[in-house]
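**Q** One line per chain: the protein sequences are P and S, in this order.
According to this note's numbering, the first sequence is numbered sequentially starting from 1.
According to this note's numbering, the second sequence is numbered sequentially starting from 1001.
Built from N, CA and C at the ideal position, the CB exists for glycine as well.
There are 2 protein chains.
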Amino acid sequence: MSASPELSESAGAPGRGPDPRAERSRAAALAAARDLLVEQGWSAVTHVAVAARSGVGRSTLYRHWPDASGMVRDVIAQRISTAHAPPTGVLRDDLVRELDGLRRLLHDPVSDRGLRAVIERAGVDPVFARLKEDLYRHGSQVFRTVLEAAKERGELPAGLDTDLAVDQLAGPLMYRRLLAGRTVTEEYVQRVVHDFLAAHAPAAGSPPLVP
Amino acid sequence: MSASPELSESAGAPGRGPDPRAERSRAAALAAARDLLVEQGWSAVTHVAVAARSGVGRSTLYRHWPDASGMVRDVIAQRISTAHAPPTGVLRDDLVRELDGLRRLLHDPVSDRGLRAVIERAGVDPVFARLKEDLYRHGSQVFRTVLEAAKERGELPAGLDTDLAVDQLAGPLMYRRLLAGRTVTEEYVQRVVHDFLAAHAPAAGSPPLVP
Chain P
1 MSASPELSES AGAPGRGPDP RAERSRAAAL AAARDLLVEQ GWSAVTHVAV
51 AARSGVGRST LYRHWPDASG MVRDVIAQRI STAHAPPTGV LRDDLVRELD
101 GLRRLLHDPV SDRGLRAVIE RAGVDPVFAR LKEDLYRHGS QVFRTVLEAA
151 KERGELPAGL DTDLAVDQLA GPLMYRRLLA GRTVTEEYVQ RVVHDFLAAH
201 APAAGSPPLV P
Chain S
1001 MSASPELSES AGAPGRGPDP RAERSRAAAL AAARDLLVEQ GWSAVTHVAV
1051 AARSGVGRST LYRHWPDASG MVRDVIAQRI STAHAPPTGV LRDDLVRELD
1101 GLRRLLHDPV SDRGLRAVIE RAGVDPVFAR LKEDLYRHGS QVFRTVLEAA
1151 KERGELPAGL DTDLAVDQLA GPLMYRRLLA GRTVTEEYVQ RVVHDFLAAH
1201 APAAGSPPLV P
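1) On the three-state DSSP scale, how would you describe residue 158(P)?
2) Determine whether the Cβ of residue 1124(S) lies closer than 8 Å to any Cβ atom of chain P.
3) Listing by chain order, which chain P residues have their CB less than 8 Å from the CB of residue 1113(S)?
4) Compare the Cα-Cα distances from residue 117(P) to each of 1197(S), 1195(S) and 1179(S) and report the closest residue.
5) Is the Cβ of residue 43(P) closer than 8 Å to any Cβ of chain S?
6) Give the residues of chain S in contact with residue 119(P), contact being defined as C-beta atoms less than 7 Å apart.
7) Alpha carbon to alpha carbon, how far is residue 1052(S) from residue 98(P)?
8) Which value, in whole angstroms, describes the spacing of the CA atoms of residue 1086(S) and residue 1150(S)?
9) Along the stretch 1185–1196 of chain S, where does the CB come closer than 9 Å to a CB of chain P? Name the residues.
10) Does any CB atom of chain S fall closer than 8 Å to the CB of residue 167(P)?
11) Residue 1164(S) versus chain P: which residues are under 9 Å apart at the beta carbon?
12) Excluding the 5 residues flanking residue 1038(S) on each side, which residues of the same chain have their C-beta closer than 7 Å to its C-beta?
13) Could you check whether the stretch 125–145 of chain P touches the stretch 163–175 of chain P, counting it as contact only if at least three pairs of C-beta atoms, one from each stretch, sit closer than 8 Å?
14) Cβ closer than 7 Å: which chain S residues qualify as neighbours of residue 199(P)?
15) In angstroms, rounded to a whole number, what distance separates the CA positions of residue 1211(S) and residue 1190(S)?
16) Which residues in the same chain have their Cβ closer than 6 Å to the Cβ of residue 128(P), if we skip the five residues on either side of it in sequence?
17) Would you list, in sequence order, the uninterrupted alpha helix (DSSP H) runs of no fewer than 4 residues that lie entirely inside the stretch 67–142 of chain P?
18) For residue 1134(S), which option in 77(P), 181(P), 92(P) and 135(P) has the closest C-alpha, if you only look at C-alpha atoms?
19) Is DSSP giving residue 1042(S) helix, strand or coil here?
20) Identify whether residue 1017(S) lies in helix, strand or coil by the three-state DSSP scheme.
21) Kindly indicate which three-state DSSP category residue 1060(S) falls into: helix, strand or coil?
22) From residue 1002(S) to residue 1132(S), what distance separates their C-alpha atoms?
23) Go through its chain and collect everything with a Cβ distance to residue 1101(S)'s Cβ below 8 Å, but skip five positions before and after it.
24) The stretch 1011–1040 of chain S: which residues have C-beta closer than 8 Å to a C-beta of chain P, in chain order?
25) Taking 8 Å as the cut-off, decide whether the C-beta atoms of residue 1068(S) and residue 1046(S) are in contact.
26) Can you tell me the Cα-Cα spacing of residue 89(P) and residue 75(P), whole angstroms?
27) From what residue to what residue does the alpha helix (DSSP H) around residue 175(P) run?
28) Nearest to residue 1136(S) by alpha carbon, out of 153(P), 28(P), 163(P) and 177(P)?
29) Give the residues from the stretch 136–152 of chain P that approach chain S closer than 9 Å (Cβ to any Cβ), ordered along the chain.
30) Mark residue 1188(S) as exposed unless 16 or more other C-beta atoms lie within 10 angstroms of its C-beta, in which case mark it buried.
31) What would DSSP say about residue 1032(S), mapped onto helix, strand or coil?
32) Quick one: what does DSSP say residue 184(P) is sitting in, helix, strand or coil?
33) According to the neighbour-count rule (16 or more other Cβ atoms, all chains shown, within 10 Å of its Cβ), is residue 1054(S) buried or exposed?
34) In angstroms with no decimal places, state the Cα-to-Cα distance between residue 19(P) and residue 125(P).
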């Protein structure tokens, strides 16, 4: 996830660093786009609505974001950080920590709404299709690293299907939030990891769920 | 899921049964709405677009569906049937069969797109919020019945959290289709059920995955 090309190109005159006024306009526009996204969904994020709400001129908006979907993309990319802590090498802890990141993301109004927009638009809008690919790839990367390392250490079966494993870890949280509309607690995350390990690494002997 | 009230009220004059012409118009309108939904998502399903595509007059459309979201709702409700086969009492078979229904639903273009629309709109449009509730409740009901019966027979732990169990069964498929965009095979469904039982009913002894 990186800043949009539009920004990098328009944020300042060449050789003079970013223009603070342009930066402020961009921040104001994205704040307005973010609020519209949370309150009414992606379809409310239009140049007209963002201009009215932010006070940024419509022509400036069109220059930065020729398509309204670019504004939604930048709101989501800005919010859904892909910074992950490096794995510690303790399988259960690493899975819980990573899954807890997803839990927090699903409970953040902006990233929750952004994720729903991405899921809905990916099939019909290439901007969202690319964003979905990025989110999925970055979002599952640490899981993959952790799972592969555990396979190498013999803590998970060598034949374990990593894609399936990611689905089994992330899927329950997604289903619970996006469809059932229920809260995901830290304890829930512990349970999902516990059951995942019970299914795939029973020989390792699962410690009791509640410490 | 039932026919919309608009339809029942407007399909025929009182006491004379449904009006075949009104039925044809409604079917043509819903077919156009369905195609627009699949091709461009819910936001393309407008009175203007459906009228142009179906040949049904715009005033007729407004009479049947005062809001465009009502057309999307009826397309989805019509497609996502809630007919489920009655459980057989064999836990693994019942879970596989029910989950295979979800698999097929996720691979049907109309219900796939409808589900994405529901997930995106539920937070901002009451029509979709109700639809999501219906889909979730009906969609998880057979799972609940099967799981509760297995608990009573002692095939699953009495303390098993049924909500979590539904998440663990349906979640991986949803994540895989909606976010990863991958195919869900019948074998995948078998694996999810296998791993679910390995986590929760290890004492029962899982038969080998491939018969």
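**A** If we stick to the structure as given:
1) Taking the first residue of the first sequence as 1, we reach residue 158(P) at position 158. It is coil, neither helix nor strand.
2) Residue mapping note: residue 1124(S) aligns to position 124 of the second sequence, counting from 1. Between residue 1124(S) and chain P, the shortest Cβ-Cβ separation is below 8 Å.
3) As a working note, residue 1113(S) is residue 113 in the second sequence. Ordered by position in chain P, the residues that pass the 8 Å Cβ test against residue 1113(S) are 123.
4) Walking along the first sequence from the start, residue 117(P) turns up at place 117. With distances taken between CA atoms, residue 117(P) lies nearest to 1179(S) out of 1197(S), 1195(S) and 1179(S).
5) Along the first sequence, read from residue 1 onward, the residue named residue 43(P) stands at position 43. Interface residue, yes.
6) Looking up residue 119(P) in the first sequence gives position 119. The contacting residues are 1116, 1119, 1120, 1178 and 1179.
7) Residue numbering aside, residue 1052(S) sits at position 52 when the second sequence is read from its first letter. Residue numbering aside, residue 98(P) sits at position 98 when the first sequence is read from its first letter. CA-to-CA, the gap between residue 1052(S) and residue 98(P) works out to about 49 Å.
8) In the second sequence, the residue the question calls residue 1086(S) occupies position 86. In the second sequence, the residue the question calls residue 1150(S) occupies position 150. Whole-angstrom Cα-Cα distance: 14 Å.
9) Listed in chain order, the positions of the stretch 1185–1196 of chain S with a beta carbon within less than 9 Å of a beta carbon of chain P are 1188, 1191, 1192, 1194, 1195 and 1196.
10) As a first step, residue 167(P) must be located in the first sequence, where it is residue number 167. Yes, residue 167(P) lies at the interface with chain S (some Cβ there is under 8 Å from its Cβ).
11) To locate residue 1164(S), count along the second sequence from 1; it is residue 164. Taking a Cβ-Cβ threshold of 9 Å, the residues of chain P close to residue 1164(S) are 172, 176, 188, 191, 192 and 195, in chain order.
12) Residue numbering aside, residue 1038(S) sits at position 38 when the second sequence is read from its first letter. Listed in chain order, the non-local C-beta contacts of residue 1038(S) below 7 Å within the same chain comprise 1109, 1110 and 1113, local neighbours out to five positions each way being set aside.
13) Contact check between the stretch 125–145 of chain P and the stretch 163–175 of chain P: three or more CB pairs, one atom from each, fall below 8 Å, which counts as touching.
14) By one-based count along the first sequence, residue 199(P) stands at place 199. Going along chain S in sequence order, the residues near residue 199(P) (Cβ under 7 Å) are 1195, 1198 and 1199.
15) Translated into positions along the second sequence, residue 1211(S) becomes position 211. Translated into positions along the second sequence, residue 1190(S) becomes position 190. Confidence in residue 1211(S) is poor, its pLDDT being 41 and thus under 50, which makes the residue's placement unreliable; the coordinate value appears in the next sentence. Rounded to the nearest whole angstrom, the CA to CA distance from residue 1211(S) to residue 1190(S) is 11 Å.
16) Numbered from 1 along the first sequence, position 128 holds the residue referred to as residue 128(P). Excluding residues within five positions, the ones whose Cβ falls inside 6 Å are 118, 121 and 122.
17) Runs of the alpha helix (DSSP H) inside the stretch 67–142 of chain P: 68–79, 91–107 and 109–121.
18) By one-based count along the second sequence, residue 1134(S) stands at place 134. Considering only alpha carbons, the answer is 181(P).
19) Your numbering for residue 1042(S) matches position 42 in the second sequence. Residue state, collapsed to three classes: helix.
20) In the second sequence, the residue the question calls residue 1017(S) occupies position 17. Three-state DSSP puts residue 1017(S) in coil, outside helix and strand.
21) Numbered from its first residue, the second sequence carries residue 1060(S) at position 60. In the three-state DSSP reduction, residue 1060(S) falls in the helix class (H, G or I).
22) Within the second sequence, the letter at position 2 stands for residue 1002(S). Within the second sequence, the letter at position 132 stands for residue 1132(S). With a pLDDT of only 38 at residue 1002(S), under 50, the local geometry of the prediction cannot be trusted, and the value read off the model is given with reservation. Rounded to whole angstroms, the separation of the alpha carbons of residue 1132(S) and residue 1002(S) is 14 Å.
23) Start at 1 with the first residue of the second sequence, and residue 1101(S) comes out as number 101. Same-chain partners within the cutoff: 1084.
24) Considering only beta carbons, the part of the stretch 1011–1040 of chain S lying closer than 8 Å to chain P consists of 1039 and 1040, in chain order.
25) Here residue 1068(S) refers to the residue found at position 68 when the second sequence is read from its first residue. Here residue 1046(S) refers to the residue found at position 46 when the second sequence is read from its first residue. Against a cut-off of 8 Å, the Cβ pair of residue 1046(S) and residue 1068(S) comes out as a contact.
26) In the first sequence, counting from the first residue as 1, residue 89(P) sits at position 89. In the first sequence, counting from the first residue as 1, residue 75(P) sits at position 75. Distance between the alpha carbons of residue 89(P) and residue 75(P): 33 Å.
27) The count along the first sequence starts at 1 and reaches residue 175(P) at position 175. For residue 175(P), there is no enclosing alpha helix (DSSP H), as DSSP marks it with neither H nor E.
28) For the purposes of this step, residue 1136(S) is identified with residue 136 of the second sequence, where counting begins at 1. Per the Cα distances, 177(P).
29) So the close ones are 136, 139 and 140.
30) Here residue 1188(S) refers to the residue found at position 188 when the second sequence is read from its first residue. Buried is the call here.
31) For the purposes of this step, residue 1032(S) is identified with residue 32 of the second sequence, where counting begins at 1. Residue 1032(S) falls in the helix class under three-state DSSP.
32) Counting from 1 along the first sequence, the entry for residue 184(P) is found at position 184. The three-state secondary structure of residue 184(P), taken from DSSP, is coil.
33) Position 54 of the second sequence, counted from the first residue, corresponds to residue 1054(S). Answer is buried; the Cβ neighbour count reaches 16.
34) Translated into the one-based positions of the first sequence, residue 19(P) becomes position 19. Translated into the one-based positions of the first sequence, residue 125(P) becomes position 125. Approximately 31 Å between the Cα atoms of the pair.
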